[in-house]
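If you read the protein sequences in the order shown, they are chains Z and V. Start counting the first sequence at 1498; every next residue gets the next number (the numbering used here). Start counting the second sequence at 14; every next residue gets the next number (the numbering used here).
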Amino acid sequence: MVDKPINSILVCGHGLAGQMTLTALSHNLPDNIQIIYLNLKDTQSFDQLYGSSLRPTAYNFHLKLGVTEPNLLQAGKTCFSYGTGYKNWGGKSWIQSFHLPFPIWDKTPFHHYLMQRNERLEPYLISALAAKTGVFAHPPRDAKSPLSNAEYGYHICPDDMTNLLAHKGVPSNVAIINGTLKHITHGKGNKITSIALESGQIISADLYIDCSGPEAKLLSAVGSTTQSLQSHSAFMNNIPIDKLGPPMSIVEAYSFGWQSNTPLNGSVNRLTVFNSGSESDAHMSHGYDPDIHLSFSTGRRQRAWAENCVGIGQAATVQTPLTAVPLMLLHRDIDRLLELIPITDDMDIERREYNQRFDDDCENMCLFQDALFASDGLPTGSFWDEIRNKPKNPKLTRKLTQFESRGYLVSYDFEGFNQEDWTILHFGMGRRSKRYDLKIDQVDQVNTLKRLTSLRTACETIVKKMPPHDNYISNYLNYLEKRNGS
Amino acid sequence: MKIEKICIVGGGTAGWMTAAGLAHRLQNSNIKIDLIESNQIGTVGVGEATLPHIRFFNNTLGINEASFMKETKATFKMGIEFCDWGKLGDRYIHPFGDFGMPINGIEFYHYWNKLRLSGDTSHLGEYSYPVVAAQLGKFRRPDTDSSKIESTFGYAYQFDAGLYAKFLRRHAEKIGVLRTEGKVIHINCNNENGFIESVKLENETVISADLFIDCSGFRGLLIEQALKTGYDDWSKWLPCNRAIAVACETRGKSLPYTRATARKSGWQWRIPLQHRTGNGHVYWNEFISDDEAAHQLTNTLEGPALTEPKQLYFKTGKRRVMWNKNVVAIGLSAGFLEPLESTSIYLIQEGITALIELFPDKTFPKSDMVEYNQRMDLHYERVRDFLLLHYVATQRDDSEMWNHFRNLKFPESLQDRIDSWLGRGYIARYEFGAFLPPSWVAVMNGQNLNPKAYDLRVNSSSSLEITQKVKSLSASINHAVQNTPDHQSFIELIGASINGTT
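Rendered as structure tokens:
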């Protein structure tokens, strides 16, 4: 039997994952492939669980969707981000800033110099200092300037991003249908052959993309079961503010769970994550009657691609937005899908590769999130005990063992978080190694001190000259407005 | 409890690379490095051809490229030409670089796959600057402007490994390595923990150390003979187990690439240096006798032989652990994967780099050893799969060896990789390893494993647009190659010629 070429793709979902997948497919696939977007109605949105923090890598990803930085900044409440400040996290507070790369002196990674002198990393991170001071500026092209190492991402409101993408316009090969899913029909080998809507309309396609959120309406119908980890609840509010805050979000640990406050242009997004038994404590700390109250389970589908159905975003995995992991995974899902759009209805190769990469991405990215919980100083209580009792991934054990033993940074293929991220995390959480690189004792200590002082002073001097984040944003938006108007 | 003394057992390429690398890193540390080398024991001189990573090693040591090339009689290397691997009469170059440049963020080979399936008969190599330049015997260093086609490659060297060892020996001795001439006749281990405490030489000299590096070659004097570490035999996948090597006079221009020609029971290498050409025949003794192998080699030399044929025996595989107790095996004592892709020196370099990054103290924490072994295993396994690809991606049926490979069941990871390529031109990627997607594409395409379909994203550009971009790429490559100097001229230009005065 001859394999049938893929002619049509149905994206079934709503919100950020649905709109982002639709945009990515319509922007990157040829127009002879028919794309149908079934915009599901009456479906609860869990988009707030994608979080509001985008890492610097989002810049290139957005370009694939035809979204530039000005587009993003002009969409709703977007602002810049230098990272996340973790407060009272296992008794430690630090800024998990974006920074690339660290200096390498005498072919020895920078952190070994600090370990020898038992110094903190933060005074040498211009992005952290700027975040703390509440200032922002785009990095200059001159690589000699310490500011060129200050990578930046964005704070976004997922709904703004969804709206931005929804208003981009659709090419002629895209059809959008608003409806409610009623029934899924299966064919040979449990493949989906069509779906029926409440309206009576029947839609069929060669490939089905499930962006329906944690419920995974299609993926669950083809037998991909959930592997749940923890059940949580979350409150969310967008609290109006007059003045834009610093370019960093703050995450704080509490006995009931954790709370993040992410500055946006015009509001602060407050998200409080807790276990159901601690609702009253969480509510008190949250300080507002929640605009959104979610109950959810973190975990992942056993297979992200089953039969002729691919789960994207929360349909494949649900993670808490303690870090940028949920959005990173969403972006990776879409990238992976684009690279592996099946050519025919025999999707064995694509399915196998996709699932392998999904497994690796999920595992590797979650290592970073899990590393945040590898601390003795975190509170007790059901939220934390549940996490503590989870078996530690051997890959994370390897990373922690090597860093604590000798400051060596183990890396896996395409982790998502780079060595600088891990170094900042280890230092922030108070991890120090028993040994440091042998070379450190051979270098001239006076010279090292001079170099360190010079770097620290340069960072401080530049930060003093940088404009406040809110001024920078308003000037930038004014500039964009003028440019667009002229 | 810092290490105070290191003893490297064995000279040769591995020994002196390790000595130079460690001595450079440990300068001013008061760590004493001894290297024991015996003139009675010949060195194998692993690989005369290298991968681009060698440049990083040399740069780290502060080695001047021209002086190094002059002293080792080196030529530049832009890749390897494989002849008769897919089928008799085939030839292709596996370049150190990319094919074309991405179009709309999608790798060029996807576009080429579409053209090929539409009837275009051009070869993928025509869209690779290093391939076209190498074929015409031209060379230049890569351009630093990443928008230029001349930036899309890396380069390595082809050199006399014996001279490289001597060159590094001088360098290492200058920075404190103490060479001791002698043959190890006894190894003294601690009764309680089995760690090696000292080695005794034929002249009764006893050399003790905290850390021993075994660079003694195939025999693994410390790692195997003393510590009985064990060996993972990979003969079932890479069964060639013998080689015979001979140097001959060079005929014609010295080319900036190595050649590997498949034979009925193995394959033959040709490595052009400035003063001679290195040749060797790697074979599986099940299907050819040593005499016949030598005969085949000497009959196909391009010029008169300059040396007596040298016979080598090996078993492909790797040491079960490369770091055991206080012994780290580097080079042939750690493992051997035949030199088809010039990986021997690369694996030595990886061993040295890992050892530097995981340099132990006298307590020898288990975590250092475990990490080293995990890291090195990954490198060896990834190289193994890539080497095996050359043998199994074949349509040859003219000998028992090729029939064996066509029917071989190979590791699932490799099978999946081949299936993904054949099915849709997709290359499964990894970040850490010697061979990235363009290398896999080069070999699979070069050996006639061609996808039956192409990535649909390329259809976002019209056929006309693709044709125009491809034509433009081809023109820019040809233009760039025209302006690239002749390989030999470039060697002279930078003062690296053995005949030059500078």
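The beta carbon of each residue, even a glycine, is placed where N, CA and C say it ideally should be. Values in this document were obtained by computation on a predicted structure and should not be read as measured data.
The beta strand (DSSP E) runs of length 3 or more contained entirely in the stretch 1602-1681 of chain Z are, from start to end of the chain, 1650-1652, 1671-1676. Boundaries of the beta strand (DSSP E) around residue 1745 of chain Z: 1745-1751. Sequence-ordered contacts of the stretch 1836-1857 of chain Z with chain V read 1836, 1837, 1838, 1839, 1840, 1841, 1843, 1845, 1846, 1847, 1849, 1850, 1853, 1854 [C-beta pairs closer than 9 Å].
For the 8 Å CB-CB criterion, residue 236 of chain V and residue 380 of chain V do not form a contact. Between the stretch 363-371 of chain V and the stretch 388-407 of chain V, the count of C-beta pairs closer than 8 Å reaches three or more; the two stretches touch. Contacts with chain Z (Cβ-Cβ distance below 8 Å) from the stretch 366-380 of chain V involve 370, 371, 372, 374, 378, 380, listed in chain order.
From the listed residues V/15, V/378, V/285, the smallest Cα separation to residue 173 of chain V is found for V/285.
Listed in chain order, the beta strand (DSSP E) elements of length 3 or more contained wholly in the stretch 1699-1736 of chain Z are 1704-1708. Taking residue 1751 of chain Z as reference, the option from Z/1781, Z/1739, Z/1844 with the minimal CA-CA separation is Z/1781. Boundaries of the beta strand (DSSP E) harbouring residue 1764 of chain Z: 1764-1771, taken from the DSSP string. Residue 458 of chain V has a beta carbon lying at 8 Å or more from every beta carbon in chain Z.
The residue from V/194, V/503, V/180 with its alpha-carbon nearest to that of residue 188 of chain V is V/180. Within the DSSP secondary-structure output, residue 275 of chain V pairs in a beta bridge with V/280.
Inside the stretch 286-322 of chain V, DSSP marks whole alpha helix (DSSP H) runs of 4 or more residues at positions 303-312, from first to last along the chain.
Residue environment: residue 1968 of chain Z is assigned as exposed (fewer than 16 neighbouring CB atoms within 10 Å of its CB, all protein chains considered). Secondary structure note for residue 246 of chain V: its beta strand (DSSP E) is the uninterrupted segment 244-246. Excluding the 5 residues flanking it on each side, residue 501 of chain V has same chain C-beta neighbours closer than 7 Å at 266, 267, in chain order. Residue 1710 of chain Z and residue 1544 of chain Z have their C-alpha atoms some 8 Å from each other. Fully enclosed beta strand (DSSP E) runs of no fewer than 3 residues occupy 1806-1808 of the stretch 1805-1833 of chain Z, in order along the chain. Every candidate alpha helix (DSSP H) stretch fails here, since none sits fully inside the stretch 179-230 of chain V while reaching 4 residues. Three or more beta-carbon pairs separated by less than 8 Å link the stretch 1504-1523 of chain Z to the stretch 1696-1711 of chain Z, which places the two stretches in contact.
The contact set of residue 1902 of chain Z on chain V, defined by CB atoms closer than 8 Å, consists of 378, 380, 381 in chain order. At a cut-off of 8 Å between beta-carbon atoms, residue 1920 of chain Z makes no contact with chain V. Short of 6 Å from the beta carbon of residue 1695 of chain Z, and not among the five residues preceding or following it, lie these beta carbons of its own chain, in chain order: 1677, 1679. Taking a C-beta distance under 8 Å as the contact criterion, residue 93 of chain V and residue 354 of chain V qualify as a contact pair. Here residue 1836 of chain Z is buried, its C-beta having at least 16 other C-beta atoms within 10 Å.
Residues of the stretch 22-40 of chain V that bring their beta carbon within less than 8 Å of a beta carbon in chain Z comprise 38, 39, 40, in sequence order. By the neighbour-count criterion, in which a residue is buried when 16 or more other Cβ atoms sit within 10 angstroms of its Cβ, residue 168 of chain V is buried. Think of a sphere of 8 Å around the beta carbon of residue 1910 of chain Z: the chain V residues whose beta carbon falls inside it are 442, 443, 444, 445, in chain order.
Look at the stretch 413-434 of chain V: the residues with a C-beta under 9 Å from a C-beta of chain Z are 429, 432, 433. Secondary structure of residue 1577 of chain Z (DSSP, three-state): strand. Residue contact with chain Z for residue 472 of chain V: present (Cβ-Cβ distance below 8 Å to some residue of chain Z).
By the 16-neighbour rule on beta-carbons within 10 angstroms, residue 1619 of chain Z is buried.
Identification of chain V residues near residue 1525 of chain Z by a Cβ-Cβ cut-off of 7 Å yields 470, 473, ordered along the chain. Between residue 1901 of chain Z and residue 378 of chain V, the alpha-carbon positions lie close to 12 Å from each other. Straight-line spacing of the CA atoms in residue 1839 of chain Z and residue 1501 of chain Z works out to 11 Å.
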